[in-house]
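Novice: For reference, the structure I am asking about is given below.
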Amino acid sequence: MKWLIGAVLRQISHWILPAPVQARVVKLQRQEKTEEMRMRSAQQFVDVSSSVPSAIGPAPTRRGVLIGGAALVGYFFIGNSAYAVQDALSVASDESAFLRLSIALTGHRDLDGKLAQRLFSLLREAHLLFAGKMEKLAVLAESGGEPHAILARADEAGFKQIALSIVAAWYTGSAADAMNAPMAAYRDALMYWPTRDGLPAPTYCFNRPGWWAEDPPPLGIPATAPGAVEPPAPPPTGVLSTPKPAQTEPRG
Amino acid sequence: MSSPVLASTGDASADIVIVGSGAVGAMIAYELARAGFSVLMLEAGLRIKRADVVENWRNMSFYNRAGSDFQGLFPQAPNAPAPLYFPENNYVGLSGPNGNAFKQGYLRAVGGTTWHWAASCWRHLPVDFRMKSTYGVGRDWAISYDDLEPYYCRAEEAMGVSGPHDPALQSPRERSRPYPRDMIPFSYADRRFAEVVNAHGYRSVPIPQGRTIEPWEGRPACCGNNNCQPICPIGAMYNGIRHVELAESLGALTLDQAVAYKVDTDAHNRVTAVHWYDAGKRSHKASGRAFVFACNGIETPRLLLLAANERNPNGIANASDQVGRNMMDHSGLHASFLASEPLWIGRGPAQSSCLVGPRDGAFRARYSANKIILNNISRVPGATRQALQLGLVGKELDDEIRRRSACGVDLSISLEPLPDPNNRLTLSKTRADPLGLACPDIHYDVGDYVRDGVKAAHEQLEHIASLFGAAELKISTDYNANNHIMGGTIMGADPKDSVVDGDCRAHDHANLWLPGGGAMASASVVNTTLSMVALGLKASDAIARQLKAATA
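As given, the protein sequences belong to chains Z and B, one line each in that order. So the first sequence is residues 189 to 440, counted in the working numbering. So the second sequence is residues 43 to 594, counted in the working numbering.
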């Protein structure tokens with residue numbers, strides 16, 4: 189019965205709710221799997237000499253997450269509809285501002301609107317008062333210029349870290365370089381764009397037998413960058429490592 | 043066609059009971075089912091779906107993917123945990139000077155850890171079987187390379203291995219039959235790397251791989267998805283699930299979520315039954331004529347110790363006290379640098395070429411050999427993290443990612459530990475799995491033989507980096523695990539100091555076989571799976587011979 193109500197609510201929500209709100213509901217459902225994985229990997233074999241069975245706590249259930257999702261949908265119907273509509277409109281406005289700001293900061297004009305919604309939502313969860321900081325950044329970006337020029341203005345105004353967090357989110361597909369952080373994108377993460385003429389995103393391929401034996405594309409930029417600051421070593425590929433994440437603004 | 047008998051109580055009986063359904067167990071199941079025997083496989087883990095695992099990987103956080111979390115994407119049976127590291131679940135307790143070097147990634151699932159291997163199918167060198175008599179270190183095997191060579195051929199044929207037909211590119215060159223398919227073609231990076239380093243004796247060769255570039259016996263052609271680890275998205279890479287399914291088509295039965303924990307033995311110390319818990323923790327008994335424990339290098343010794351009984355108080359097959367000792371892995375290093383020219387690592391399968399020049403030599407009397415893999419896993423995530431750490435945006439960020447991805451190199455160096463009885467797996471007194479069965483503890487010290495080998499490796503790595511005008515050369519300071527788990531049920535001619543004989547049959551039990559990495563008496567520097575499967579096929583022949591002789 190709960191299933192039926194949920195299905196009906198979802199259908200109705202498609203007719204009535206503004207697109208950004210719909211996307212949020214969909215995202216909640218998408219996040220179930222990630223959530224399950226995160227909870228499962230939290231199982232620990234704690235060294236407890238007193239008890240014999242391992243200390244595995246109860247995992248939150250799928251149902252719990254689903255009920256949460258249904259409650260969110262319900263809120264828009266049962267709750268104060270005037271507030272709901274206002275909220276939704278405000279979210280939609282923030283999201284389009286976020287997309288414009290992202291284009292300015294990354295220099296990529298063809299960013300995906302759906303992905304912008306997801307990243308905006310994750311960034312709001314990851315950073316305190318994100319929407320407010322974003323608004324101020326957006327004002328700084330309005331006067332135009334290359335991304336590095338906007339970043340310089342952001343730096344002067346004390347918003348460099350939040351600007352870099354937005355850029356990092358687009359490149360990594362996530363709001364945080366942190367263990368089990370929720371993801372918004374895999375193949376569509378911008379990190380794969382600069383090499384997409386030579387390297388398919390792993391799990392995908394160029395769909396020609398033995399394509400890798402062909403010569404790669406020309407690099408097109410200098411192979412060495414004189415005077416560049418040396419970043420920390422990259423994680424070794426193919427072996428377990430738990431590197432320190434890139435600096436992100438602490439939450440709260 | 044013969045099948046196991048399942049009683050209404052849930053107990054089972056079969057000619058052969060195999061614990062473990064990975065590449066070794068499944069291949070034996072197939073061989074013996076093909077010979078007309080009834081075969082039961084007990085698998086502690088789940089039967090998983092490739093598509094789910096691919097989706098889990100794509101949904102996994104950037105941090106976990108950049109840190110090579112190859113465990114967390116595989117669903118685990120609630121009663122059969124395997125190591126997890128993001129965060130650590132401490133299923134395996136590690137101690138000793140190099141305990142951290144033994145953080146192994148292995149799966150408990152139908153099909154086993156070949157779900158997330160890289161399909162490197164190396165043979166040991168002939169001399170690797172005679173380390174003690176040739177170099178005065180380590181141990182000799184109970185068998186020679188020549189004894190195992192026909193089984194290496196069969197393993198390559200069963201797994202559809204592509205390896206160099208040109209003898210100049212083979213390591214070792216001693217072969218009685220060609221590889222089933224010629225080498226996987228080199229990418230530009232492999233060609234260029236070989237061109238630069240070969241003049242200095244490093245000897246770049248193609249890695250023999252369990253995949254093919256045209257469809258092979260129902261398996262699709264490799265399309266270079268560059269994701270062999272942790273999951274081939276298209277099933278082009280060999281995986282134990284293939285032989286699970288082939289065995290099942292011939293009548294073999296696989297029970298998943300079946301955790302073996304107890305062994306019955308008779309007055310002659312023959313194994314008569316294995317007991318297992320099902321998913322609801324109900325205990326059942328599998329009776330058989332022959333038994334195989336093929337649970338890889340950690341779970342097999344753990345099971346033998348867990349199953350100690352009145353007649354075998356130190357554990358099954360453990361009269362020698364060697365079960366769980368001599369634990370080995372190719373404790374390794376990684377070296378990364380930026381070449382002064384683009385190489386475009388990350389095109390094609392994850393492993394492609396390897397330097398085997400330092401694989402053998404008189405120096406092995408004093409210190410460890412090594413092999414140096416040109417790691418072909420895409421550099422993009424690591425390059426991206428670095429470029430972001432530099433605080434770049436816009437075109438500068440894109441260019442930096444492109445430059446670091448195209449010019450970045452990661453070398454994976456494997457070293458050879460010697461078998462040391464003090465490197466030991468024991469049962470935890472304080473931690474247990476959800477069934478109440480003790481978790482494994484492992485004490486590990488790589489030993490001076492490896493430490494001295496690292497010094498030689500450092501010189502080689504610095505030299506190779508200089509040949510590429512390298513910047514930012516970084517050589518890891520901690521040893522990393524390579525998941526090539528060996529030694530815990532070590533092979534030897536003398537039952538007093540070894541666990542199994544040349545057929546991987548337990549010295550203590552005439553009808554129990556323990557094939558796989560645990561039997562390997564020397565590590566060499568090469569990935570273990572092909573040797574494990576070859577040992578499994580040799581055991582399988584011995585089992586068939588013994589059962590037929592008993593029936594005749």
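We put the CB at the ideal spot given by N, CA and C, even for glycine.
Please state whether DSSP places Leu446/Z in a helix, a strand or coil.
Specialist: Missing from the structure shown is residue 446/Z; chain Z here goes from 189 to 440 and no further.
Novice: Less than 9 Å between CB atoms is the rule here; does Ser242/Z satisfy it with respect to chain B?
Specialist: The predicted model places Ser242/Z with a pLDDT of 34, which falls under 50 and marks its position as unreliable, so this point remains unresolved.
Novice: For Tyr409/B, does the three-state DSSP call read helix, strand or coil?
Specialist: Coil, per DSSP.
Novice: Quick check: what's the CA-CA separation for Asn464/B versus Pro343/B?
Specialist: One C-alpha to the other measures close to 15 Å.
Novice: Which residues in chain Z have a C-beta closer than 7 Å to the C-beta of Gly433/B? List them in chain order.
Specialist: Neighbours of Gly433/B on chain Z, chain order: Leu352.
Novice: Assuming contact is defined by CB atoms lying nearer than 9 Å, are Gly252/B and Gly202/B in contact in what I supplied?
Specialist: Against a cut-off of 9 Å, the Cβ pair of Gly202/B and Gly252/B comes out as a contact.
Novice: Cα separation between Ala448/B and Ala292/Z?
Specialist: Approximately 27 Å between the Cα atoms of the pair.
Novice: Which chain Z residues are close to Tyr105/B, counting only those with a beta carbon under 9 Å from its beta carbon?
Specialist: Within 9 Å Cβ-Cβ: Thr360, Ser362, Ala364, Asp365, Ala366, Met367, Asn368, Ala369, Thr430, Pro431, Pro433.
Novice: When the cut-off is 9 Å and only beta carbons count, does Ala377/Z lie next to chain B?
Specialist: Cβ-Cβ to chain B under 9 Å: yes for Ala377/Z.
Novice: Looking only at its chain, what residues have a beta carbon closer than 6 Å to the beta carbon of Asn598/B, apart from the 5 residues adjacent to it on each side?
Specialist: Outside the shown range of chain B (43 to 594) lies residue 598/B, about which nothing can therefore be said.
Novice: Tell me which same chain residues have a C-beta within less than 6 Å of the C-beta of Ala389/Z, skipping the five on either side of it?
Specialist: Correct list, in chain order: Arg375, Tyr380.
Novice: Show which residues of chain B have a CB atom less than 7 Å away from the CB atom of Gly398/Z.
Specialist: Neighbours of Gly398/Z on chain B, chain order: Pro227, Ile255.
Novice: Does the structure place the stretch 342-361 of chain B close enough to the stretch 73-80 of chain B that three or more beta carbon pairs sit under 8 Å?
Specialist: As far as the Cβ criterion goes, the stretch 73-80 of chain B does not touch the stretch 342-361 of chain B, which means the pair count is below three.
Novice: Looking at the unbroken alpha helix (DSSP H) that takes in Gly424/B, where does it start and where does it end?
Specialist: That run of the alpha helix (DSSP H) goes 422-431.
Novice: Exposed or buried, what is Leu577/B when buried is set at 16 or more other beta-carbons lying within 10 Å of its beta-carbon?
Specialist: Buried, by the Cβ-count rule.
Novice: List the residues that DSSP assigns as beta-bridge partners of His317/B.
Specialist: Answer is Lys304/B, Lys327/B, bridged to His317/B.
Novice: Identify the contact partners of Glu334/Z in chain B, using a Cβ-Cβ distance below 7 Å as the criterion.
Specialist: By Cβ distance, chain B contributes Gly436.
Novice: Going by C-alpha distance, which of Asp403/Z, Leu310/Z, Thr294/Z is nearest Gly333/Z?
Specialist: Taking only the C-alpha atoms, the option nearest Gly333/Z is Thr294/Z.
Novice: So Ala356/Z contacts chain B; which residues on that side make the cut at Cβ distance below 7 Å?
Specialist: Under the 7 Å cutoff, chain B gives Leu430.
Novice: What are the start and end residues of each continuous alpha helix (DSSP H) run of 4 or more residues lying completely inside the stretch 44-87 of chain B, in chain order?
Specialist: Within the stretch 44-87 of chain B, the complete alpha helix (DSSP H) runs of at least 4 residues are 65-76.
Novice: List the residues of chain Z that Thr426/B touches, going by C-beta distances under 8 Å, in chain order.
Specialist: Those are Tyr359, Thr360, Met379, listed as they occur along chain Z.
Novice: Do the stretch 489-496 of chain B and the stretch 380-398 of chain B meet, that is, are 3 or more Cβ pairs less than 8 Å apart?
Specialist: Flag = no, the stretch 489-496 of chain B and the stretch 380-398 of chain B do not touch.
Novice: Going by CA-CA distance only, name the one from Lys302/Z, Asp282/Z, Val427/Z, Met371/Z that's closest to Asn101/B.
Specialist: Cα-wise, what sits closest to Asn101/B is Met371/Z.
Novice: Along the chain, where does the alpha helix (DSSP H) that runs through Thr176/B open and close?
Specialist: Run containing Thr176/B: 173-177, per the alpha helix (DSSP H) assignment.
Novice: In whole angstroms, what separates the C-alpha of Ser281/Z from that of Glu344/Z?
Specialist: Rounded to the nearest angstrom, the two C-alpha atoms are 26 Å apart.
Novice: Are the Cβ atoms of Gly559/B and Asn338/B separated by less than 9 Å?
Specialist: Yes, the Cβ-Cβ distance between Gly559/B and Asn338/B is below 9 Å.
Novice: CB-CB under 8 Å to Ala259/Z, same chain, minus the five flanking residues each way: which ones, in chain order?
Specialist: Only weak support exists for where Ala259/Z lies, its pLDDT of 48 falling under 50; the value from the coordinates is given anyway. If we look at Ala259/Z and ignore the five residues flanking it on each side, it has no Cβ neighbours.
Novice: What is the DSSP secondary structure of Thr593/B, counted as helix, strand or coil?
Specialist: Looking at Thr593/B - three-state DSSP - the assignment turns out to be helix.
Novice: Taking C-beta to C-beta, are Ser373/B and Ala498/B nearer than 9 Å?
Specialist: No. Outside cutoff.
Novice: Considering only the beta carbon of each residue, do Arg165/B and Lys174/B sit closer than 9 Å?
Specialist: It is not a contact, given that the beta carbons lie outside the stated cut-off.
Novice: Report yes or no: is there a C-beta of chain Z within less than 9 Å of the C-beta of His376/B?
Specialist: True, the Cβ-Cβ gap to chain Z drops below 9 Å.
Novice: In chain order, what residues of the same chain have a beta carbon less than 6 Å from the beta carbon of Asp306/B, not counting five sequence neighbours either side?
Specialist: The answer, listed in chain order, is Thr314, Ala315.
Novice: Does the distance from the C-beta atom of Ala351/Z to that of Gly361/Z stay below 9 Å?
Specialist: Contact flag unset, no.
Novice: Go to Gly374/B, then tell me how far its alpha helix (DSSP H) extends in each direction, as first and last residue.
Specialist: Unbroken run through Gly374/B is the beta strand (DSSP E), 374-380; no alpha helix (DSSP H).
Novice: Keeping to the same chain, check which residues put their C-beta closer than 6 Å to that of Asp170/B; ignore five residues upstream and five downstream.
Specialist: If we look at Asp170/B and ignore the five residues flanking it on each side, its Cβ neighbours are Ser564, Ser566.
Novice: Do Ile601/B and Trp157/B have their C-beta atoms closer together than 9 Å?
Specialist: Absent from the structure is residue 601/B, since the part of chain B shown begins at 43 and ends at 594.
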